[in-house]
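Notes follow the structure.
Residue numbers (our numbering): 792 to 888.
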């Protein structure tokens, strides 16, 4: 599994953008990825130093598709990545704050 398979996309919300000032970034990651794999992938892709990685599994919510067809949204994994104080920031997020 490559680094680009582990890091799926950044999560862009008001809360995640407020945390960018503290060098904390939020990503959707592969469900099978561990914290060490996520740390190495972020360091390789963005060229930064990672201090900590916290993960949480976001369980799917029940949804209806039209007239009563029940379904579920997908279950996915979210990673909160904190960079070290001396690390550079991730430029991708700079224009969005």
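Just so you know, even glycine gets a beta-carbon here, dropped at the ideal spot from N, CA and C.
It is roughly 47 Å from the alpha-carbon of residue 860 to the alpha-carbon of residue 875. Within the model, the alpha-carbon separation for residue 853 versus residue 819 is close to 20 Å. Taking C-beta atoms under 8 Å as the contact rule, residue 834 and residue 841 qualify, at a distance of about 6 Å.
Under a 10 Å Cβ-count criterion, residue 817 is classified as buried, with 16 or more other Cβ atoms of the shown protein chains found around its own Cβ.
Restricting attention to beta strand (DSSP E) runs no shorter than 3 residues, the stretch 805–854 encloses them at 815–820 and 841–849, ordered along the chain.
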